[in-house]
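Q: What follows is a single structure, and I will ask about it in a moment.
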Amino acid sequence: MTAPPDDCLARNEWICGDYLSTRREILTDAVLQHLELTALSVLIALAIALPLAVLARRWGLAAGPVLAVTTVLYTIPSLAMFSLLLPVYGLSETLVIAGLVLYSLTLLVRNILAGLRAVPEDTRQAARGMGYGPIRLLLTVELPLALPAAMAGLRIATVSAVSLATVGAIVGFGGLGNLIYSGMNTYFKAQVLTASVLCVVIAVLADLLLLGVQRLLTPWTRAARA
Amino acid sequence: MNTLTDAWDWLADSAHWAGDDGIWHRLTQHLVLTVVCLLISCLIALPVALVLGHLGKGGALAVNISNVGRAVPTFAVLVLLLLTPLGKWGEGPTVVALVLFAVPPLLTNAYVGMRGVDRSVVQAARGMGMTGRQMLWRVEAPLALPLIMSGVRIAAVQLVATATIAALAGGGGLGRIITAGFNLASTPQVVAGAVLVAVFALLVEGVFEAVERLAPGWARKTGKG
Numbered sequence: 156m157t158a159p160p161d162d163c164l165a166r167n168e169w170i171c172g173d174y175l176s177t178r179r180e181i182l183t184d185a186v187l188q189h190l191e192l193t194a195l196s197v198l199i200a201l202a203i204a205l206p207l208a209v210l211a212r213r214w215g216l217a218a219g220p221v222l223a224v225t226t227v228l229y230t231i232p233s234l235a236m237f238s239l240l241l242p243v244y245g246l247s248e249t250l251v252i253a254g255l256v257l258y259s260l261t262l263l264v265r266n267i268l269a270g271l272r273a274v275p276e277d278t279r280q281a282a283r284g285m286g287y288g289p290i291r292l293l294l295t296v297e298l299p300l301a302l303p304a305a306m307a308g309l310r311i312a313t314v315s316a317v318s319l320a321t322v323g324a325i326v327g328f329g330g331l332g333n334l335i336y337s338g339m340n341t342y343f344k345a346q347v348l349t350a351s352v353l354c355v356v357i358a359v360l361a362d363l364l365l366l367g368v369q370r371l372l373t374p375w376t377r378a379a380r381a
Numbered sequence: 526m527n528t529l530t531d532a533w534d535w536l537a538d539s540a541h542w543a544g545d546d547g548i549w550h551r552l553t554q555h556l557v558l559t560v561v562c563l564l565i566s567c568l569i570a571l572p573v574a575l576v577l578g579h580l581g582k583g584g585a586l587a588v589n590i591s592n593v594g595r596a597v598p599t600f601a602v603l604v605l606l607l608l609t610p611l612g613k614w615g616e617g618p619t620v621v622a623l624v625l626f627a628v629p630p631l632l633t634n635a636y637v638g639m640r641g642v643d644r645s646v647v648q649a650a651r652g653m654g655m656t657g658r659q660m661l662w663r664v665e666a667p668l669a670l671p672l673i674m675s676g677v678r679i680a681a682v683q684l685v686a687t688a689t690i691a692a693l694a695g696g697g698g699l700g701r702i703i704t705a706g707f708n709l710a711s712t713p714q715v716v717a718g719a720v721l722v723a724v725f726a727l728l729v730e731g732v733f734e735a736v737e738r739l740a741p742g743w744a745r746k747t748g749k750g
């Protein structure tokens, strides 16, 4: 009879190199699912938020209801949001994505609208005076000027989505959240800590990536600061 | 729509309101958790933010702590705390996690509010011979009140949300109705619990909205809020 192995897994330590090497596949799958959940939901939210914000900017009447609905959506706790979507989507990945879309949407609409509203009236008039039509004004003047505010919203939405995706573990599609959930039930310290740290790493990397994109897209803000 | 009527029937059943797993008990737990943790967080965050804001120091910390708070998943922190020795303490991990996530918005908003006070007003107060303490309490803190309150509001909503997730890690509160529903594979119970949580969160938000509207003009947020 052999003695049980005396490694960090058997001792259930928080930090465990063996965990990383033996569970590499599980970790990769969880990270990939996490990235998929986050990226898909933020992109879908962006595709919906942009027209909504432009609409709310154009017709002042629409702004009130749009902002009110987004505030209500944002107030609903994530666990309740996923649960409310259960009858619609069942236990599926779509449910988690739909819930994350609703949160990201809120943050994006608010920020893009704030960015559009902050475009100086003088600038808009100057563009109109140069013969710009409404579409050209929107695409070449208003949206670029709203970009820094919109990107700030996108960064907040992405970081929040990375963090909230873990709650998707309740329906079995939470990316790294699944590992945290199962690690909790089996009292597996290394798994919980590793998955948590990876979540934060993904959030930070995504934030830095978007910051880089923002710098590339808005070279004029850098010139102004220098 | 069938699920909604089922959820309504679940809520209408008086048996679901009584007992240790009943709605009343879970609602009380949720309310107590939220209020107690909000008080603890205010006691921790506000003095620090007021003093830092008054002195104009530690701005980077006060502002960035909110970004850090957003990047760390609440669920992960709840589970991590549960697995530490603190986990043996019943609601201990929940309370600590709730406070950890309520402090950043309080700190950031109060600090930004203090720094946003018109410098000429502060200089006028100093010119009138006010001491630092008088300036803090009679000039800066009252003028920063709208932003401090919006920090408290954000923290309260955050607390309600985090207390719900705490149910996943074995904590009490309305979230337990949802997790129990998932364990029983009872969609009506899950939806009913979610409706209760959503209504609770919206009520908390509504209370702060009402307080803000009833407040005297000087203590209200101005346009730029």
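These protein sequences, in sequence, are chains V and H. Positions 156 to 381 (the numbering used here) are the ones given, in order, by the first sequence. Positions 526 to 750 (the numbering used here) are the ones given, in order, by the second sequence. Quick reminder that beta carbons are idealized off the backbone N, C-alpha and C, glycines included.
(1) Please classify V/Trp214 as buried or exposed, where buried requires at least 16 other C-beta atoms within 10 Å of its C-beta.
(2) How about the segment 582–600 of chain H and the segment 624–643 of chain H: do they share at least three Cβ pairs that are nearer than 8 Å?
(3) Contact criterion: CB-CB distance below 8 Å. Does V/Thr249 meet it with respect to chain H?
(4) Look at the Cβ atom of V/Leu348, then the Cβ atom of V/Ile170, and state whether they are nearer than 8 Å.
(5) Considering Cα atoms alone, identify which of H/Val724, H/Gln714 and H/Val722 is closest to H/Thr530.
(6) Where do the ends of the alpha helix (DSSP H) carrying V/Ser351 lie?
(7) Going along the chain, which residues of its own chain have a beta-carbon closer than 8 Å to the beta-carbon of H/Val724, five neighbours each way excluded?
(8) Measuring alpha carbon to alpha carbon, tell me which of H/Leu558, H/Gly544 and H/Ala537 ends up nearest H/Gln698.
(9) Leaving out five residues before and five after V/Ala217 in sequence, what residues of the same chain have Cβ atoms less than 6 Å from its Cβ?
(10) Taking the alpha helix (DSSP H) that V/Phe328 belongs to, which residues open and close that run?
(11) With DSSP as the reference, label V/Asn167 as helix, strand or coil.
(12) At which residues does the alpha helix (DSSP H) containing V/Asp277 begin and terminate?
(13) Alpha carbon to alpha carbon, how far is V/Leu263 from V/Tyr229?
(14) From H/Pro598 to H/Leu739, what distance separates their C-alpha atoms?
(15) How big is the Cα-Cα spacing for V/His189 and H/Leu661?
(16) Please return the same chain residues whose Cβ sits closer than 6 Å to the Cβ of H/Gly696, not counting the five positions on each side in sequence.
(17) Quick check on DSSP: helix, strand or coil for H/Pro598?
(18) Could you check whether H/Thr687 and H/Phe626 sit closer than 8 Å to each other, using their CB atoms as the reference points?
(19) Taking only heavy atoms of the ligand NAP into account, decide whether any of them is closer than 7 Å to the Cβ of H/Val620.
(20) Excluding sequence positions up to five away, which residues of its chain have a Cβ less than 6 Å from the Cβ of H/Ala717?
(21) Buried or exposed, going by whether 16 or more other CB atoms sit within 10 Å of the CB of H/Gly750?
(22) Listed from N- to C-terminal order along the chain, which residues in the segment 325–342 of chain V have their beta-carbon within a distance smaller than 9 Å of any beta-carbon of chain H?
(23) So, is V/Ile290 buried or exposed, given that buried needs 16 or more other C-beta atoms within 10 angstroms?
(24) For V/Thr321, count neighbouring C-beta atoms within 10 Å of its own C-beta (all shown protein chains included) and say buried if the count is 16 or more, exposed if not.
(25) Please return the same chain residues whose Cβ sits closer than 6 Å to the Cβ of V/Cys163, not counting the five positions on each side in sequence.
(26) Can you name the start and end residues of the alpha helix (DSSP H) that V/Arg272 belongs to?
(27) Contact criterion: CB-CB distance below 8 Å. Does V/Leu234 meet it with respect to chain H?
(28) Would you identify the three-state DSSP class for H/Met674, choosing helix, strand or coil?
(29) If we count the other Cβ atoms within 10 Å of its Cβ and call it buried at 16 or more, is V/Tyr336 buried or exposed?
(30) Starting from the beta carbon of H/Val716, find every residue of chain V whose beta carbon is closer than 8 Å, and list them in chain order.
(31) Does H/Lys613 come out as helix, strand or coil in the three-state DSSP assignment?
(32) I need the DSSP call for H/Met655, collapsed to helix, strand or coil.
(33) Comparing the C-beta of H/Gly700 with each C-beta of chain V, is any distance below 8 Å?
(34) Could you give the distance in angstroms between the alpha-carbon of V/Thr193 and the alpha-carbon of V/Leu257?
(35) Could you name the residues of the same chain whose beta carbon sits closer than 7 Å to that of V/Leu293, not counting the 5 residues immediately before and after it, in chain order?
(36) Run the CB neighbour count on V/Glu297, radius 10 Å, all protein chains shown included, and call it buried at 16 or more, exposed below.
A: Answer, in terms of the structure:
(1) Start at 1 with the first residue of the first sequence, and residue 214 of chain V comes out as number 59. With fewer than 16 Cβ atoms within 10 Å of its Cβ, V/Trp214 is classed as exposed.
(2) yes
(3) Within the first sequence, the letter at position 94 stands for residue 249 of chain V. No, V/Thr249 lies away from the interface with chain H (no Cβ there is under 8 Å from its Cβ).
(4) Working through the first sequence from its first residue, we reach residue 348 of chain V at position 193. Working through the first sequence from its first residue, we reach residue 170 of chain V at position 15. The Cβ atoms of V/Leu348 and V/Ile170 sit closer than 8 Å to each other.
(5) Counting from one through the second sequence, the residue named residue 530 of chain H turns up at place 5. Considering only alpha carbons, the answer is H/Gln714.
(6) The residue you call residue 351 of chain V lines up with position 196 of the first sequence. Looking at the DSSP string, the run of the alpha helix (DSSP H) that includes V/Ser351 is Lys344 to Leu372.
(7) Residue numbering aside, residue 724 of chain H sits at position 199 when the second sequence is read from its first letter. Cβ within range, chain order: n/a, list empty.
(8) Numbered from 1 along the second sequence, position 173 holds the residue referred to as residue 698 of chain H. The sequence given here has Gly at residue 698 of chain H, not Gln. Of the candidates H/Leu558, H/Gly544 and H/Ala537, the one whose C-alpha sits nearest the C-alpha of H/Gly698 is H/Leu558.
(9) Counted from its first residue, the first sequence places residue 217 of chain V at position 62. The residues are Leu210 and Ala211.
(10) Residue mapping note: residue 328 of chain V aligns to position 173 of the first sequence, counting from 1. Run containing V/Phe328: none; DSSP gives neither H nor E here.
(11) Translated into positions along the first sequence, residue 167 of chain V becomes position 12. Looking at V/Asn167 - three-state DSSP - the assignment turns out to be coil, as it is neither helix nor strand.
(12) By one-based count along the first sequence, residue 277 of chain V stands at place 122. Segment Glu276 to Gly284, the alpha helix (DSSP H) holding V/Asp277.
(13) Position 108 of the first sequence, counting from 1, holds the residue named residue 263 of chain V. Position 74 of the first sequence, counting from 1, holds the residue named residue 229 of chain V. If you take the alpha carbons of V/Leu263 and V/Tyr229, they lie about 12 Å apart.
(14) Stepping through the second sequence from its first residue, residue 598 of chain H is reached at position 73. Stepping through the second sequence from its first residue, residue 739 of chain H is reached at position 214. About 35 Å.
(15) If you number the first sequence from 1, residue 189 of chain V lands on position 34. If you number the second sequence from 1, residue 661 of chain H lands on position 136. Rounded to the nearest angstrom, the two C-alpha atoms are 46 Å apart.
(16) Along the second sequence, read from residue 1 onward, the residue named residue 696 of chain H stands at position 171. Taken in chain order, the residues that qualify are Thr619.
(17) Your numbering for residue 598 of chain H matches position 73 in the second sequence. Reduced to three states, the DSSP call for H/Pro598 is coil.
(18) Residue mapping note: residue 626 of chain H aligns to position 101 of the second sequence, counting from 1. Residue mapping note: residue 687 of chain H aligns to position 162 of the second sequence, counting from 1. The answer is yes: Cβ separation under 8 Å.
(19) With respect to the ligand NAP, the structure shown offers nothing to examine, as it has no ligands at all.
(20) Residue 717 of chain H sits at position 192 when you count from the first residue of the second sequence. Scanning its chain for C-beta atoms nearer than 6 Å, with the 5 sequence neighbours on each side dropped, one finds around H/Ala717 the residues Ala532, Trp535 and Leu536, in chain order.
(21) In the second sequence, the residue the question calls residue 750 of chain H occupies position 225. Note on H/Gly750: pLDDT 38, under 50, position unreliable in the model; the coordinate value appears next. Answer is exposed; the Cβ neighbour count stays below 16.
(22) Under the 9 Å Cβ criterion, the segment 325–342 of chain V contributes Ile325, Val326, Gly329, Leu331, Gly332, Ile335, Tyr336, Gly338, Met339 and Tyr342.
(23) Start at 1 with the first residue of the first sequence, and residue 290 of chain V comes out as number 135. Exposed, because fewer than 16 other Cβ atoms sit within 10 Å of the Cβ of V/Ile290.
(24) What you label residue 321 of chain V is simply residue 166 of the first sequence in a count that begins at 1. With 16 or more Cβ atoms within 10 Å of its Cβ, V/Thr321 is classed as buried.
(25) Start at 1 with the first residue of the first sequence, and residue 163 of chain V comes out as number 8. Same-chain partners within the cutoff: Cys171 and Asp173.
(26) Translated into the one-based positions of the first sequence, residue 272 of chain V becomes position 117. Per DSSP, V/Arg272 belongs to the alpha helix (DSSP H) from Glu248 to Arg272.
(27) Here the question's residue 234 of chain V lines up with position 79 in the first sequence. V/Leu234 counts as touching chain H.
(28) Along the second sequence, one-based indexing puts residue 674 of chain H at 149. Residue state, collapsed to three classes: helix.
(29) Here residue 336 of chain V is taken as the residue at index 181 of the first sequence, counted from 1. Result: buried.
(30) Within the second sequence, numbered from 1, the residue matching residue 716 of chain H stands at position 191. Simply Ser238, Leu239, Leu241 and Pro242.
(31) Taking the second sequence and counting its residues from 1, the one referred to as residue 613 of chain H is at position 88. It is helical.
(32) In the second sequence, residue 655 of chain H corresponds to position 130, counting from 1. H/Met655 falls in the coil class under three-state DSSP.
(33) In the second sequence, the residue the question calls residue 700 of chain H occupies position 175. Interface residue, yes.
(34) Taking the first sequence and counting its residues from 1, one reaches residue 193 of chain V at position 38. Taking the first sequence and counting its residues from 1, one reaches residue 257 of chain V at position 102. Their Cα atoms are separated by approximately 12 Å.
(35) Start at 1 with the first residue of the first sequence, and residue 293 of chain V comes out as number 138. The residues are Val209.
(36) One-based indexing of the first sequence puts residue 297 of chain V at position 142. By the neighbour-count criterion, in which a residue is buried when 16 or more other Cβ atoms sit within 10 angstroms of its Cβ, V/Glu297 is buried.
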